[in-house]
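Participant: What follows is a structure written as structure tokens; I'll ask about it next.
Residue numbers (my numbering), protein chains in the order written: chain R, 49 to 263; chain X, 80 to 89.
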């Protein structure tokens, strides 16, 4: 474990807690894409298949349970909670996220470190996570208004993977033979997808004005 | 290679 990875995990944890807190306290999911949340639930479900078979550390297992629990409860809130579901804007959240799942699965069948069930799904979860934010960014551009909590959620979600990139650089130089091109490239692409959001988020913060993405 | 690749990152 290194400081970059720990910072990344804490930032990731903060992002899901911000979203869960927003939905739980104000009982609203306005501006939040259910598609992105469903994709994240799939990402964690396919990435943590080893949760019961490989024990890495208490921290690792605990965090896996937190990410699984939070992502599925956010999906439950947005789909089934009688009050929260009313604020879900399904007419605007129309990104066909199944068009992301199939290509990621096919790609994972071709590009992986080992052609086994778990490894292919683990690779699939990396590719899917790289594009999972797209429905949320599309919804943002459609609705144009973005409340602070949703903005913070997306910012933290993008920042966590940026911290992971520093973690990979650190591990590359400190651990011999530590080379994992697949998460590195998927993680880099994922962070780049947040590029324009970061740009507008930073400017709205600097000029202290409401965050608006260009149409 | 190893039988099962252990991923220690989240």
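Cβ coordinates follow ideal geometry from the N, Cα and C atoms, glycine included.
Should residue 53 of chain R be flagged as near chain X, meaning a C-beta pair shorter than 8 Å?
Facilitator: Yes, residue 53 of chain R counts as interfacial toward chain X.
Participant: Between which two residues does the alpha helix (DSSP H) harbouring residue 76 of chain R extend?
Facilitator: Looking at the DSSP string, residue 76 of chain R is not in any alpha helix (DSSP H), and its letter there is neither H nor E.
Participant: Could you compute how far the alpha carbon of residue 251 of chain R sits from the alpha carbon of residue 207 of chain R?
Facilitator: Each residue's alpha carbon lies about 16 Å from the other.
Participant: Among residues of its own chain, excluding the 5 on either side of residue 190 of chain R, which ones have a beta-carbon nearer than 6 Å to its beta-carbon?
Facilitator: Same-chain partners within the cutoff: 140.
Participant: What do you get for residue 86 of chain X, buried or exposed, if any count of 16 or more other CB atoms within 10 angstroms of its CB means buried?
Facilitator: By the 10 Å Cβ count, residue 86 of chain X comes out buried.
Participant: Between residue 108 of chain R and chain X, is any beta-carbon pair separated by less than 8 Å?
Facilitator: Cβ-Cβ to chain X under 8 Å: yes for residue 108 of chain R.
Participant: How many whole angstroms separate the CB atoms of residue 150 of chain R and residue 157 of chain R, which I take to be in contact at a CB cut-off of 8 Å?
Facilitator: The pair is not a contact, with the Cβ atoms about 11 Å apart (cut-off 8 Å).
Participant: Could you please tell me which residues of the region 163-185 of chain R, in chain order, have their CB closer than 9 Å to any CB of chain X?
Facilitator: The region 163-185 of chain R vs chain X, Cβ under 9 Å: 164, 166, 167, 170.
Participant: Where does residue 150 of chain R sit, in a helix, a strand or coil, going by DSSP?
Facilitator: If DSSP states are grouped into helix, strand and coil, residue 150 of chain R belongs with the helices.
Participant: Run through chain X and tell me which residues come within less than 7 Å of residue 75 of chain R, C-beta to C-beta.
Facilitator: In chain order: nothing, as chain X lies at least about 29 Å away.
Participant: Taking the CB atoms as reference points, tell me whether residue 183 of chain R and residue 145 of chain R lie closer together than 8 Å.
Facilitator: Against a cut-off of 8 Å, the Cβ pair of residue 145 of chain R and residue 183 of chain R comes out as a contact.
Participant: Verify whether the separation of the beta carbon atoms of residue 132 of chain R and residue 63 of chain R is less than 8 Å.
Facilitator: No, they are not a contact pair.
Participant: Would the beta-carbon of residue 12 of chain R fall within 8 Å of that of residue 203 of chain R?
Facilitator: In the structure as shown, chain R starts at 49 and stops at 263, and residue 12 of chain R therefore has no counterpart that could be examined.
Participant: In the DSSP assignment, the alpha helix (DSSP H) including residue 136 of chain R goes from what residue to what residue?
Facilitator: Element bounds for residue 136 of chain R: n/a, residue is neither H nor E.
Participant: Residues of chain X with CB under 8 Å from residue 111 of chain R, in chain order?
Facilitator: Ordered by position in chain X, the residues that pass the 8 Å Cβ test against residue 111 of chain R are 89.
Participant: Distance check for residue 106 of chain R and residue 80 of chain R, CA to CA, integer angstroms please.
Facilitator: For residue 80 of chain R and residue 106 of chain R, the distance between alpha carbons rounds to 31 Å.
Participant: Listing by chain order, which chain X residues have their CB less than 9 Å from the CB of residue 115 of chain R?
Facilitator: 89, listed in chain order.
Participant: Please list the terminal residues of the continuous alpha helix (DSSP H) segment that includes residue 242 of chain R.
Facilitator: It is not in any alpha helix (DSSP H) - residue 242 of chain R carries neither H nor E in the DSSP assignment.
Participant: Just to confirm the assignment, what range does the alpha helix (DSSP H) spanning residue 184 of chain R have?
Facilitator: From DSSP, the alpha helix (DSSP H) with residue 184 of chain R extends over 182-191.
Participant: Using the C-alpha atoms, what's the distance from residue 193 of chain R back to residue 215 of chain R?
Facilitator: Straight-line Cα distance between these residues: approximately 34 Å.
Participant: Which residue wins for smallest C-alpha separation from residue 58 of chain R, given the options R:256, R:262, R:201?
Facilitator: Considering only alpha carbons, the answer is R:201.
Participant: How far does the alpha helix (DSSP H) with residue 95 of chain R in it reach, from first residue to last?
Facilitator: Where residue 95 of chain R is concerned, the enclosing alpha helix (DSSP H) stretches over 82-95.
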